[in-house]
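**Student:** If you're matching them up, the sequences are chains S and A in order. Take 1 as the starting number for the first sequence in our numbering and just add one per residue. Take 1001 as the starting number for the second sequence in our numbering and just add one per residue.
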Amino acid sequence: MTGLAAPSSTPDASDAVYAHDIPAERPWSRVLKQGQTLRIIDSEGQQAVDALLYCAEDPAERYSSQDTLRVQGSAYVELGTRLISNKGRVMAHLTADSCGRHDTSAGCCSCESNAVRFGEATKYQHACRENFILELSKHGLTKRDIVANLNFFMNVPIDPSGAFTVVDGISAPGNYVDVTADMDVLFVISNCPQVNNPCNGFNPTPIRVMIWDPRET
Amino acid sequence: MTMAQTKLEISEANRRRYEELRAAGQELTPKGLPDATPLDGVPISPDAVVGREQVPAGWYATVRLRRGEALRIIDDSGRSSVALIGWREEDTSERVNCADTVKVQWSAAVSKGRVLLSDMGRVFLSLIEDTSGAHDLMVGGSTPASTRATFGATTRNTQENFLAAAAKIGLGLRDIPPCVTFFAPVSLDTEGRFLWMSGRKRPGDFVDLRAEMNLVLVLSNCAHPLDPARPAATDPVTLIRYRAPPPGSDDPCRTTSPEIVRAFEFTDRLFA
């Protein structure tokens, strides 16, 4: 392991309590218990992973992009970033990151915003918002509960003038990010189906998720 | 032609379209935006005024706007910031969406001629007048935690104002989206760290927001969490609700880019 990738506690794949390949364009969700670590692996590279977190005990408490950025004082999600809820509590934090920079300002794609951005013909393409609505419905949640999400492996530089661009993903095949839960959280993913901008290299691909229990100390 | 070739050709065509949109959105569109409104410009005709109120420091107001009405928000002292959220009156699951607003307009900075979008690909509010262009869509309002960190005790804050206002119309915590804060000059350096550009605030700065659908808005007059002048930043702000002139075919807000023209088409269909 090199560079940013490896805190000394990097777990062994064989110790994982859960592993699953999320096909291209599909959603996924699971409750992480406090202390568990979720690894999201960009199996083939340049794949944006949209994510939402809810407090498992009371899902009205959920990830808040603005609280997260305010507490951090800067605009990008990276190693060490604490993911803050709308009640100001730390829900989880990034404990490893072999990619380097993730977004939480660009939101998720939707049929409706695609039609605005790329023309009405793109309205009938699958989108993250569809994924989130369907996956959240399994947990009694609705469109009301979709808030500004995290975009792992998505590269959205913002310059001092405010110019805001989704550019080519910077993640290489096998890059990963580890998120360790600070409370029991419902973690919801949309493996982004977007084909109209560079966030997925114009070619959505599968990702892998793995979960580890807290290490014995 | 093989499937693989077709897929590659589609992705290459999509990449070309994206690059064309980006070039237009970041190079052409900003050049066509109107200049900022002068501080003493565009007085509201008394006949057009529907209502006027002052919101004390730390407090909030709930304002209903019909499509075509506008709200002027005035930072009388030059020391206030006003955070805004809102919903479409007929379906409150549709709400202002900061992420789509910045993504569709290729800019995290809004100013005169720009719009705020809903999460449904429609235009929520248009910035028909704006003296400062110094507004924040990234950091959001104050919260119990942010005021505790700053003042050592929880003070009145935007998060609780939003919750109280939402509750009074049958909504709750689940319905509070990320907010837009006016008169909050947040910028960022090349590393992404946030900066407060206090030189971009002046007494009397105002912004006029034209409703593009029927809306319920909540405005919170609390110091922005990055404002170094807080807690001294405690002054009332003025809200003036008025009937805006009907937009012409050359309306600056409706014609900034192909994306925004489409967003207005989709919005107009609600009322067709």
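We put the beta carbon where it would ideally sit given N, CA and C, even for glycine.
#1: Taking just the CA atoms, how far does S/GLY174 sit from S/GLY88?
#2: Within 7 Å of any Cβ in chain A, is that where the Cβ of S/PRO7 sits?
#3: What are the partner residues of A/MET1213, as DSSP defines its beta bridges?
#4: Quick test of your reading: A/CYS1098 and A/ARG1156, contact by CB under 8 Å. State the CB separation rounded to the nearest angstrom.
#5: If distances are taken between C-alpha atoms only, which option among A/ALA1153, A/PRO1178 and A/MET1197 comes closest to A/THR1101?
#6: Here's the rule: buried if 16 or more other CB atoms are within 10 angstroms of the residue's CB, otherwise exposed. What is S/HIS20?
#7: Please report the Cβ distance between A/GLN1159 and A/THR1143, rounded to the nearest whole angstrom; I am assuming they are in contact, meaning their Cβ atoms lie under 8 Å.
#8: For the region 1208-1228 of chain A, list every residue whose C-beta sits within 8 Å of some C-beta in chain S, in sequence order.
#9: Where A/ILE1128 and S/GLU44 are concerned, what is the direct C-alpha to C-alpha distance, given to the nearest angstrom?
#10: Tell me A/PHE1124's beta-bridge partners as DSSP assigns them.
#11: Look up S/THR218 in the DSSP assignment and give the residues it is bridged to.
#12: Would you say S/PHE118 and S/ALA48 are within 7 Å of each other, going by their C-beta atoms?
#13: Under a CB-based cut-off of 7 Å, is S/ALA148 close to chain A?
#14: Would the beta-carbon of A/HIS1224 fall within 7 Å of that of A/ALA1164?
#15: Straight-line CA distance for S/LEU32 to S/TYR54?
#16: Under a CB-based cut-off of 7 Å, is A/MET1197 close to chain S?
#17: Run through DSSP, which three-state label would S/TYR76 get?
#18: Can you pull the chain S neighbours of A/TRP1059, defined as C-beta to C-beta under 7 Å?
#19: Residues in the same chain with beta-carbon distance under 6 Å from A/LEU1039, minus the five sequence neighbours each way, listed in chain order, please.
#20: Cβ-heavy atom distance between A/ASP1076 and the ligand FAD below 6 Å?
#21: Where does the unbroken beta strand (DSSP E) through S/PHE152 begin, and where does it stop?
#22: Under the rule that 16 or more other beta-carbon atoms within 10 Å means buried, what is S/PRO198, buried or exposed?
#23: Measure the beta-carbon distance from S/ALA56 to S/LEU186 and round it to whole angstroms, keeping in mind my assumption that it falls under 8 Å.
#24: For A/THR1143, which residues in chain S fall below 7 Å Cβ to Cβ?
#25: Taking 8 Å as the cut-off, does the region 1245-1265 of chain A touch the region 1189-1204 of chain A (at least 3 CB pairs, one atom from each stretch)?
#26: From what residue to what residue does the beta strand (DSSP E) around A/GLN1054 run?
#27: Does DSSP put S/PRO11 in a helix, in a strand, or in coil?
#28: Could you have a look at S/ARG119 and say whether DSSP puts it in helix, strand or coil?
#29: Where do the ends of the alpha helix (DSSP H) carrying S/SER137 lie?
#30: Pull up the CB-CB distance for A/ARG1146 and S/ARG70, whole angstroms please, since I reckon it's below 8 Å.
#31: Using CA coordinates, which residue listed in A/ILE1074, A/VAL1049 and A/ALA1108 is at the minimum distance from A/ALA1057?
#32: Who are the near neighbours of A/ARG1210 in its chain, counting only those whose CB is closer than 6 Å to its CB and skipping five residues on each side?
#33: For S/GLU61, which option in S/SER113, S/CYS192 and S/VAL147 has the closest C-alpha, if you only look at C-alpha atoms?
#34: From A/LEU1239, A/TYR1242, A/PRO1236 and A/GLU1265, pick the residue whose C-alpha is nearest to that of A/SER1249; which is it?
#35: To the nearest angstrom, report how far apart A/ALA1229 and S/HIS139 are at their CA atoms.
#36: Would the beta-carbon of S/GLN66 fall within 7 Å of that of A/GLY1051?
**Tutor:** Judging by the given coordinates:
#1: If you number the first sequence from 1, residue 88 of chain S lands on position 88. If you number the first sequence from 1, residue 174 of chain S lands on position 174. Distance between the alpha carbons of S/GLY88 and S/GLY174: 33 Å.
#2: One-based indexing of the first sequence puts residue 7 of chain S at position 7. Confidence in S/PRO7 is poor, its pLDDT being 47 and thus under 50, which makes the residue's placement too unreliable to answer from.
#3: Within the second sequence, residue 1213 of chain A is the residue found at index 213, counting from 1. DSSP lists no partner for A/MET1213.
#4: Position 98 of the second sequence holds residue 1098 of chain A. Position 156 of the second sequence holds residue 1156 of chain A. 23 Å between Cβ atoms; not a contact.
#5: Mapped onto the second sequence, residue 1101 of chain A falls at position 101. If we check each option's Cα against that of A/THR1101, A/PRO1178 comes out closest.
#6: Working through the first sequence from its first residue, we reach residue 20 of chain S at position 20. It is exposed - the Cβ of S/HIS20 has fewer than 16 other Cβ atoms within 10 Å.
#7: As a position in the second sequence, residue 1159 of chain A is number 159, starting the count at 1. As a position in the second sequence, residue 1143 of chain A is number 143, starting the count at 1. Contact annotation, A/GLN1159 with A/THR1143: C-beta distance approximately 4 Å; criterion of less than 8 Å satisfied.
#8: PRO1225 and LEU1226
#9: Reading the second sequence from its first residue, position 128 is the one you call residue 1128 of chain A. Reading the first sequence from its first residue, position 44 is the one you call residue 44 of chain S. Approximately 46 Å, taken between the alpha carbons.
#10: Taking the second sequence and counting its residues from 1, one reaches residue 1124 of chain A at position 124. According to DSSP, which records beta bridges pairwise, A/PHE1124 is partnered with nothing at all.
#11: Lying outside 1 to 217, the shown extent of chain S, residue 218 of chain S is not represented and no answer is given.
#12: Counting from 1 along the first sequence, the entry for residue 118 of chain S is found at position 118. Counting from 1 along the first sequence, the entry for residue 48 of chain S is found at position 48. No; because the gap between Cβ atoms is not below 7 Å, this pair is not in contact.
#13: By one-based count along the first sequence, residue 148 of chain S stands at place 148. Yes, because at least one Cβ of chain A sits closer than 7 Å to the Cβ of S/ALA148.
#14: The sequence position of residue 1224 of chain A within the second sequence is 224, counting from 1. The sequence position of residue 1164 of chain A within the second sequence is 164, counting from 1. No; because the gap between Cβ atoms is not below 7 Å, this pair is not in contact.
#15: Here the question's residue 32 of chain S lines up with position 32 in the first sequence. Here the question's residue 54 of chain S lines up with position 54 in the first sequence. Roughly 10 Å separates the two Cα atoms.
#16: Translated into the one-based positions of the second sequence, residue 1197 of chain A becomes position 197. Chain S contact via Cβ: absent.
#17: Here residue 76 of chain S refers to the residue found at position 76 when the first sequence is read from its first residue. Note: S/TYR76 maps to coil in three-state DSSP.
#18: The sequence position of residue 1059 of chain A within the second sequence is 59, counting from 1. Around A/TRP1059, no beta-carbon contact reaches into chain S at under 7 Å, the shortest distance being about 21 Å.
#19: Position 39 of the second sequence, counting from 1, holds the residue named residue 1039 of chain A. Within the same chain, A/LEU1039 has close Cβ partners THR1131 and GLY1204.
#20: You won't find the ligand FAD in this model; it holds no ligand whatsoever.
#21: Within the first sequence, the letter at position 152 stands for residue 152 of chain S. Unbroken beta strand (DSSP E) run through S/PHE152: 150-152.
#22: For the purposes of this step, residue 198 of chain S is taken as residue 198 along the first sequence, with counting starting at 1. The residue is buried, with at least 16 neighbouring Cβ atoms inside 10 Å.
#23: Residue mapping note: residue 56 of chain S aligns to position 56 of the first sequence, counting from 1. Residue mapping note: residue 186 of chain S aligns to position 186 of the first sequence, counting from 1. 5 Å between Cβ atoms; contact.
#24: On the second sequence, residue 1143 of chain A is found 143 positions in, with the first residue counted as 1. By Cβ distance, chain S contributes ASP67 and GLY88.
#25: no
#26: In the second sequence, residue 1054 of chain A corresponds to position 54, counting from 1. It spans 1049-1055 - the beta strand (DSSP E) in which A/GLN1054 sits, taken as one unbroken run.
#27: Here residue 11 of chain S is taken as the residue at index 11 of the first sequence, counted from 1. Residue state, collapsed to three classes: coil.
#28: Here the question's residue 119 of chain S lines up with position 119 in the first sequence. The residue asked about is misnamed: residue 119 of chain S is Gly in this sequence, not Arg. Here S/GLY119 sits in coil by DSSP.
#29: Against the first sequence, residue 137 of chain S aligns to sequence position 137. That run of the alpha helix (DSSP H) goes 128-137.
#30: Within the second sequence, the letter at position 146 stands for residue 1146 of chain A. Within the first sequence, the letter at position 70 stands for residue 70 of chain S. Looking at the sequence shown, residue 1146 of chain A is not Arg but Ser. Between S/ARG70 and A/SER1146 the Cβ distance is about 6 Å, and since that is below 8 Å, they are a contact.
#31: Position 57 of the second sequence, counted from the start, is the residue given in the question as residue 1057 of chain A. The shortest C-alpha separation from A/ALA1057 is found at A/ILE1074.
#32: Sequence index remark: in the second sequence, residue 1210 of chain A carries index 210 (1-based). Around A/ARG1210: ALA1070, SER1126, ILE1128 and ALA1244.
#33: As a working note, residue 61 of chain S is residue 61 in the first sequence. The candidate whose alpha carbon is nearest that of S/GLU61 is S/VAL147.
#34: Counting from one through the second sequence, the residue named residue 1249 of chain A turns up at place 249. Out of A/LEU1239, A/TYR1242, A/PRO1236 and A/GLU1265, A/GLU1265 has the C-alpha closest to the C-alpha of A/SER1249.
#35: Residue mapping note: residue 1229 of chain A aligns to position 229 of the second sequence, counting from 1. Residue mapping note: residue 139 of chain S aligns to position 139 of the first sequence, counting from 1. In this structure, the CA atom of A/ALA1229 is about 43 Å from the CA atom of S/HIS139.
#36: Residue numbering aside, residue 66 of chain S sits at position 66 when the first sequence is read from its first letter. Residue numbering aside, residue 1051 of chain A sits at position 51 when the second sequence is read from its first letter. Contact: no.
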